[in-house]
Amino acid sequence: MNNRLREMRARYGWTQADLARRLEVSRQTVNALETGRYDPSLPLAFKIGRLFGLPIEMIFRDDAAS
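Take the sequence shown: its position 38, counting from 1, is numbered 38 in UniProt numbering, and each next residue is one higher.
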(Lines of atoms letter the chains of each structure in order from A and count residues from 1; the text may use other names and numbers.)
(Lines give C-alpha, C1' and ligand atoms only; values in the text may rest on other atoms or scores of the structure.)
Protein backbone atom coordinates (compact mmCIF):
# COMPACT_ATOMS: atom_id res chain seq x y z
CA MET A 1 0.00 0.00 0.00
CA ASN A 2 1.42 3.36 -1.01
CA ASN A 3 0.80 6.41 1.10
CA ARG A 4 1.48 10.13 1.35
CA LEU A 5 2.36 10.02 5.03
CA ARG A 6 5.92 11.30 4.65
CA GLU A 7 4.73 14.12 2.40
CA MET A 8 1.96 15.12 4.81
CA ARG A 9 4.29 14.96 7.82
CA ALA A 10 6.84 17.17 6.04
CA ARG A 11 4.13 19.66 5.10
CA TYR A 12 3.42 20.12 8.82
CA GLY A 13 7.13 20.29 9.65
CA TRP A 14 6.92 17.26 11.93
CA THR A 15 9.60 14.68 12.57
CA GLN A 16 8.71 11.01 12.68
CA ALA A 17 8.88 11.27 16.48
CA ASP A 18 6.44 14.21 16.43
CA LEU A 19 3.95 12.27 14.33
CA ALA A 20 4.40 9.14 16.45
CA ARG A 21 3.61 11.09 19.61
CA ARG A 22 0.45 12.56 18.06
CA LEU A 23 -0.68 9.11 16.90
CA GLU A 24 0.38 7.37 20.12
CA VAL A 25 2.58 4.88 18.27
CA SER A 26 6.34 4.35 18.15
CA ARG A 27 8.64 6.23 15.79
CA GLN A 28 9.52 2.85 14.31
CA THR A 29 5.85 2.33 13.42
CA VAL A 30 5.76 5.68 11.62
CA ASN A 31 8.92 4.72 9.73
CA ALA A 32 7.44 1.34 8.77
CA LEU A 33 4.24 3.04 7.56
CA GLU A 34 6.15 5.60 5.50
CA THR A 35 8.32 2.97 3.82
CA GLY A 36 5.41 0.63 3.12
CA ARG A 37 6.70 -2.17 5.34
CA TYR A 38 3.56 -1.96 7.48
CA ASP A 39 -0.07 -1.27 6.59
CA PRO A 40 -2.00 0.56 9.28
CA SER A 41 -4.95 -0.95 11.07
CA LEU A 42 -8.25 0.63 10.12
CA PRO A 43 -8.49 2.55 13.44
CA LEU A 44 -4.95 3.90 12.94
CA ALA A 45 -5.69 4.87 9.33
CA PHE A 46 -8.76 6.83 10.48
CA LYS A 47 -6.72 8.47 13.25
CA ILE A 48 -4.14 9.56 10.67
CA GLY A 49 -6.90 10.92 8.43
CA ARG A 50 -8.42 12.91 11.29
CA LEU A 51 -5.01 14.28 12.29
CA PHE A 52 -4.38 15.63 8.79
CA GLY A 53 -8.00 16.54 8.12
CA LEU A 54 -8.20 14.29 5.06
CA PRO A 55 -10.18 11.18 4.14
CA ILE A 56 -8.01 8.09 4.32
CA GLU A 57 -8.35 7.60 0.56
CA MET A 58 -6.38 10.83 0.10
CA ILE A 59 -3.49 9.45 2.18
CA PHE A 60 -3.45 5.71 1.42
CA ARG A 61 -3.70 3.96 -1.94
CA ASP A 62 -4.03 0.21 -2.43
CA ASP A 63 -1.64 -0.79 -5.20
CA ALA A 64 -3.58 -4.00 -5.85
CA ALA A 65 -6.65 -1.95 -6.81
CA SER A 66 -4.74 0.07 -9.44
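The beta carbon of each residue, even a glycine, is placed where N, CA and C say it ideally should be.
None of these values were measured; they are calculated from a predicted model.
I need the straight-line Cα distance from residue i to residue j, nearest angstrom please.
{"i": "residue 7", "j": "residue 22", "result": "16 Å"}
{"i": "residue 51", "j": "residue 9", "result": "10 Å"}
{"i": "residue 47", "j": "residue 18", "result": "15 Å"}
{"i": "residue 11", "j": "residue 5", "result": "10 Å"}
{"i": "residue 55", "j": "residue 45", "result": "9 Å"}
Return the chain-ordered list of same chain residues with a C-beta closer than 6 Å to the C-beta of residue i, the five sequence neighbours on each side being excluded.
{"i": "residue 3", "result": "59, 60"}
Would you mind giving the Cβ-Cβ distance between residue i and residue j, rounded to the nearest angstrom? I have them listed as a contact below 8 Å.
{"i": "residue 40", "j": "residue 33", "result": "6 Å"}
Go through its chain and collect everything with a Cβ distance to residue i's Cβ below 8 Å, but skip five positions before and after it.
{"i": "residue 26", "result": "20"}
{"i": "residue 57", "result": "none"}
{"i": "residue 1", "result": "36, 39, 60, 61, 62, 63"}
Comparing alpha-carbon positions, which option in the options lies nearest residue i?
{"i": "residue 63", "options": "55, 45, 36", "result": "36"}
{"i": "residue 31", "options": "16, 57, 49", "result": "16"}
Exercise. Enumerated in chain order, which unbroken segments of the alpha helix (DSSP H) with a length of 4 residues or greater are wholly contained in the UniProt domain "HTH cro/C1-type" (5-59)?
Worked result: 5-12, 16-23, 27-34, 42-52, 56-59, all fully within the UniProt domain "HTH cro/C1-type" (5-59).
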